[in-house]
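Some notes on the structure that comes next.
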Amino acid sequence: MTLRELAGGARAVPLALIGGDRALATEIQDRLTTHGLLDPPADGSFGPVSLWGIGQFLRKVDTPGKSVIDAEAARALLSDEPAFPLRTPDSLAGRIAAAMRQTGHWLCRHPDCVNVVYVEGMDEDGTPNIDAHNVFNDLRVVLRVNRAGTPAIEEIWEATTEPGRHYTLIEKLDPRGAARIAFGQYKAWSVGTHMAGRPSGHEALVQTAPIRVFRDLDQDFERTGDQVFAGLFGVNQHWGFDLPKSDIGRASAGCLVGRTKAGHRAFMALCKADPRYRANNSYRFLTSVLPAASVATA
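Note that this note's numbering numbers the sequence shown so that position 195 is 592, with each residue one more than the last.
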């Protein structure tokens, strides 16, 4: 079955049975991605988050309570007009959203959902900095897109996307060098515990899918010329133990780290309030990592 067949009058498919037709499930997921509701990539597994997405879509197109994909719903899904549009005003939030779109990153446009973004080498007022090493001089940002389609910064915190001096020069955890995440967007983090079983363990977004990292073998705190590896490296999104902004210390060996405990707790609360996480507590969060230059010029 296809959406075009359904739009042409084929027998309606109950929402609960979409998952029984993998091709149809994948097509619907693709359309929900286009409409701003469902993270890519489509995988044909129509689970709780996909069911949440189709329910929100049907409500948005004024068919709440519909329990089937019929001709009306199929035509709405196939529409080229996104149900949840996106505008990019000249604000820090708008420039971050524009930079994400320009680099092919996806944003969830449902107003209750969060978009997690890190901007490397930028201050909280949106000014690029010199990105000195061993300093919390990056940003952790939670963006929401409101009902009008305008992105807004829900919260913003000092952070680092890079390993500090200790794990780059002194205590190398990998003989190939400290890990530095490659710019990009990854669907790779779930709610869990950073440093589980240790006194310093705390709730975090823990890496549960592969990402790409540069290995700083030459210890120059730069990506240029470094070899790239893909895999699971324990690159978690955790707190920075309230260390001073001027010294990452042992807070990062390549993780995405919010400097303060209070800020991190607020970050986790926002993530856990997301309806996709509430639908499935194994939900993997998308996260974007951008250079300041791409935001400043967006």
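Virtual Cβ for every residue (Gly too), placed ideally from N, Cα, C.
query                                                                                                                                           : result
Whose C-beta lies closer than 7 Å to the C-beta of residue 681 among residues of the same chain, with five residues either side of it excluded? : 584, 585, 586, 587, 605, 606
Check the C-beta distance from residue 503 over to residue 437 and give it rounded, since I have them as a contact under 8 Å.                   : 6 Å
DSSP three-state call for residue 658: helix, strand or coil?                                                                                   : helix
Which runs of the alpha helix (DSSP H) fall wholly inside the segment 634-686 and span at least 4 residues, in chain order?                     : 658-670, 672-676
Quick one, which of 523, 405, 540, 575 has its alpha-carbon nearest residue 626's?                                                              : 575
By DSSP's criteria, residue 601 is part of a beta bridge. Which residues make up the other side?                                                : 589
Bridge partners of residue 517, per DSSP?                                                                                                       : 688
Span of the alpha helix (DSSP H) holding residue 627?                                                                                           : Not the alpha helix (DSSP H): residue 627 falls in the beta strand (DSSP E), residues 624-628.
Give the single residue among 488, 410, 650, 643 whose Cα lies nearest to the Cα of residue 634.                                                : 650
Could you check if residue 512 is buried or exposed, using at least 16 other CB atoms within 10 Å of its CB as the buried criterion?            : buried
Which first and last residues belong to the alpha helix (DSSP H) in which residue 618 is found?                                                 : It is not in any alpha helix (DSSP H) - residue 618 carries neither H nor E in the DSSP assignment.
Based on Cα-Cα distance, which residue from 488, 402, 530, 433 lies nearest to residue 467?                                                     : 402
How is the beta strand (DSSP E) around residue 713 delimited, first residue to last?                                                            : With the chain covering 398 to 695 only, the question about residue 713 has no answer from this structure.
Comparing alpha-carbon positions, which option in 446, 622, 655, 592 lies nearest residue 641?                                                  : 655
Which runs of the alpha helix (DSSP H) at least 4 residues long sit entirely within the segment 442-498? Give them in chain order.              : 445-457, 468-475
Can you tell me whether residue 639 is buried or exposed, with buried defined as 16 or more other CB within 10 angstroms of its CB?             : exposed
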